[in-house]
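Visitor: Let me give you the structure first, and then I'll get to my questions.
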Amino acid sequence: MINLIKIDNKEFDDSQLPILFHKPEYARYFYFLVYNELSVLRFSAQSEIDPIVKEIGNVIAIGIDQSVGFWDVSKNEISQTISLTSFFYDFYFSEKYIFIVCEVDVVILQINTLIEYKSLSFSEYIDHIELNDDSILINFINNDIETILI
3 MINLIKIDNK
13 EFDDSQLPIL
23 FHKPEYARYF
33 YFLVYNELSV
43 LRFSAQSEID
53 PIVKEIGNVI
63 AIGIDQSVGF
73 WDVSKNEISQ
83 TISLTSFFYD
93 FYFSEKYIFI
103 VCEVDVVILQ
113 INTLIEYKSL
123 SFSEYIDHIE
133 LNDDSILINF
143 INNDIETILI
């Protein structure tokens, strides 16, 4: 079971848990990630919106603001962190890929290795994406739709 616990700045600073991501100049909200009733890592955020946390096999994906990170449950360690060029929206998953959807970007990672497969940038804000077998449909807030082969 995965939980996020909001903590204060002092608890964050006093903890010895690994830091997934933290930008001291912007940090306003602080969290512990709890997995199977044990706190496993800490991170901070500028935004008051709740972070998105999803489990994919042995990996927990966390995204908020312009940061995404991955915790490997089986190794009990941080697998990777990514600084994004626009604000994070959500994760989507296919059999082969993790799609990190942001305001105007989609970063595609290989699901087994977390290695970047492709990065897409757009001039319009993204509303959501739809996954197909060999393509994704990017739906923009202006109601335009773009099909991208993957």
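Letter by letter, the sequence shown follows residues 3 to 152 of our numbering.
Ideal placement from N, C-alpha and C gives every residue a C-beta, glycine not left out.
In terms of residue numbering, what span does the beta strand (DSSP E) encompassing Asp107 cover?
Guide: Note, Asp107: beta strand (DSSP E), Asp107 to Gln112.
Visitor: Excluding five sequence neighbours on each side, which residues of the same chain lie with their C-beta closer than 7 Å to the C-beta of Asp129?
Guide: Once the five neighbours on either side are set aside, the close Cβ partners of Asp129 are Asn141, Phe142 and Ile143.
Visitor: Say whether the region 42 to 54 touches the region 103 to 123, bearing in mind that this needs 3 or more beta-carbon pairs closer than 8 Å, one atom from each stretch.
Guide: Flag = no, the region 42 to 54 and the region 103 to 123 do not touch.
Visitor: With DSSP as the reference, label Asn2 as helix, strand or coil.
Guide: Nothing can be reported for residue 2: it is not among the residues displayed for the chain, which extend from 3 to 152.
Visitor: Return yes when the C-beta of Ser41 is under 7 Å from any heavy atom of the ligand HEM, and no when it is not.
Guide: The ligand HEM is not among the ligands present in this structure, which contains no ligands whatsoever.
Visitor: For Phe95 and Phe72, I'd like the C-alpha separation in whole angstroms.
Guide: Between Phe95 and Phe72, the C-alpha separation is close to 14 Å.
Visitor: Report the option in Lys98, Ser69, Leu19 and Glu39 whose CA atom is closest to the CA atom of Ile58.
Guide: Here the closest residue by C-alpha is Lys98.
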